[in-house]
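Novice: For this note's numbering, add 103 to where a residue sits in the sequence shown, where the first one is 1.
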Amino acid sequence: MSHIPEHTSTIAQRLNGVRTRMRQAAEHAGRNIDDITLIAVSKFHPQNAVIDAFKAGQHVFGENRVQEARAKIPPLRAHNPQIKLHLIGGLQRNKAQDACEIADVIESLDRPSLAQTCLKIGEKKGELPQFFIEVNTGDEEQKFGIPREKADNFIRECQKNFGSLIQGLMCIPPAGEDPRPHFKLLRSMAHVHGLQKLSMGMSADYPIAIEEGATHIRVGTAIFGKRPNLSRCS
Ligand SMILES: *Cc1c(COP(=O)(O)O)cnc(C)c1O
104 MSHIPEHTST
114 IAQRLNGVRT
124 RMRQAAEHAG
134 RNIDDITLIA
144 VSKFHPQNAV
154 IDAFKAGQHV
164 FGENRVQEAR
174 AKIPPLRAHN
184 PQIKLHLIGG
194 LQRNKAQDAC
204 EIADVIESLD
214 RPSLAQTCLK
224 IGEKKGELPQ
234 FFIEVNTGDE
244 EQKFGIPREK
254 ADNFIRECQK
264 NFGSLIQGLM
274 CIPPAGEDPR
284 PHFKLLRSMA
294 HVHGLQKLSM
304 GMSADYPIAI
314 EEGATHIRVG
324 TAIFGKRPNL
334 SRCS
């Protein structure tokens, strides 16, 4: 009992720092802080890190990989139903079944084939999680997300087929670019389609995303610290 693991206080402190900056950004933008959900992105960090954040009052978690998420989040959620899991990574069709089983929200719906698969799963199960449609706002070749010129059609189709399960849009602006135009674009797309929710902004740019209307920000490093090396590409 003489020794409190360092990461415990660090995660709680960092979380508080993020909350403070969120509040400041919301105030600055004349927005209500209650309209902005912080998703703590715990990918590649151990379940203990999730528990530390939970103890510090964090309830919504983001994970990239279905298998990793399944091992970490649902066991905690079983005893703490206020915990919510957002899957935010590119999703293969063969993982869709598992994803639909464990996620409260899938933020990476980004192509018709995946939508078809999810609809079939929904018909069988009688239920589905909520979805955000991921838009590749920078039209980057190797990135997930529906390309810009296909987005309007895809969003319309999804709204027709999934109804109100389609909650909003998500984007990851190109690295090294000013994210603001991408946030503006996502917001205007959501507006056109009558979608209320916008998942945008990460550790480096969430105050800007809040200024531009984000309802969900996805923050990893600023809460949990640097990810181990193997997370290089995500
Ligand atoms: C990893 C990841 C994040 C968090 O990124 P940080 O820079 O660590 O805050 C947010 N969104 C997605 C889709 C991610 O893969």
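No residue lacks a Cβ here, since even glycine has one placed at the ideal position from N, Cα and C.
Roughly how many angstroms lie between the CA atoms of N264 and A152, to the nearest whole one?
Specialist: Computed Cα separation, rounded: 37 Å.
Novice: Given 8 Å as the limit, tell me if M305 has its C-beta closer than that to any heavy atom belonging to ligand 1.
Specialist: Yes, the Cβ of M305 comes within 8 Å of a heavy atom of ligand 1.
Novice: Is any heavy atom in ligand 1 found nearer than 8 Å to the beta carbon of G279?
Specialist: no
Novice: Does DSSP classify F147 as helix, strand or coil?
Specialist: coil
Novice: Among the candidates D255, C221, M125, whose CA atom is the shortest distance from the CA of V295?
Specialist: Here the closest residue by C-alpha is D255.
Novice: Are the segment 188 to 208 and the segment 216 to 227 touching, with three or more C-beta to C-beta distances below 8 Å?
Specialist: Counting C-beta pairs closer than 8 Å gives three or more between the segment 188 to 208 and the segment 216 to 227, which meets the contact rule.
Novice: Helix, strand or coil for N239? Go by DSSP, reduced to three states.
Specialist: strand
Novice: Can you have a look at T240 and say buried or exposed, based on whether 16 or more other CB atoms are within 10 angstroms of its CB?
Specialist: buried
Novice: Which residues share a DSSP beta bridge with R321?
Specialist: I142
Novice: Applying the 10 Å Cβ sphere with the 16-neighbour rule, what's the burial state of Q161?
Specialist: buried
Novice: Any heavy atom of ligand 1 inside 8 Å of the beta-carbon of V322?
Specialist: yes
Novice: Below 7 Å CB to CB, which residues in the same chain sit around T140 once its five sequence neighbours on both sides are set aside?
Specialist: V163, T318, H319
Novice: Counting C-beta neighbours from all protein chains within 10 Å, is the total for D155 16 or more, i.e. buried, or is it exposed?
Specialist: buried
Novice: What is the residue span of the alpha helix (DSSP H) that Q270 lies within?
Specialist: Q270 -> not in any alpha helix (DSSP H); beta strand (DSSP E) instead, spanning 269 to 273.
Novice: Is the closest heavy atom of ligand 1 to the C-beta of A325 under 8 Å?
Specialist: Taking 8 Å as the cut-off, the C-beta of A325 counts as close to a heavy atom of ligand 1.
Novice: When we look at the beta-carbon of E109 and count the other beta-carbons within 10 Å, is it buried (16 or more) or exposed?
Specialist: Interpretation of E109 is limited by its pLDDT of 49, a score under 50 that renders its predicted location unreliable; no figure is taken from the coordinates.
Novice: Do you know how far the Cα of M125 is from the Cα of I313?
Specialist: Computed Cα separation, rounded: 8 Å.
Novice: Ligand 1 and K146: does any heavy atom of the ligand fall closer than 8 Å to the residue's C-beta?
Specialist: Flag set: Cβ of K146 near ligand 1.
Novice: Given the structure, does I136 come close to ligand 1, in the sense that its CB is under 8 Å from one of the ligand's heavy atoms?
Specialist: no
Novice: Let me know the secondary structure DSSP gives E210 once reduced to three states.
Specialist: Strand.
Novice: When you measure from the CB of G192 to every non-hydrogen atom of ligand 1, does any distance come out below 8 Å?
Specialist: Distance from the C-beta of G192 to the nearest heavy atom of ligand 1 is below 8 Å.
Novice: Under the three-state reduction of DSSP, which class applies to Q233: helix, strand or coil?
Specialist: strand
Novice: With burial defined as no fewer than 16 other Cβ atoms inside 10 Å of the residue's Cβ, what is the status of R290: buried or exposed?
Specialist: Buried, since its Cβ has 16 or more Cβ neighbours within 10 Å.
Novice: What does DSSP give as the partner residues of E166 in its beta bridges?
Specialist: L190
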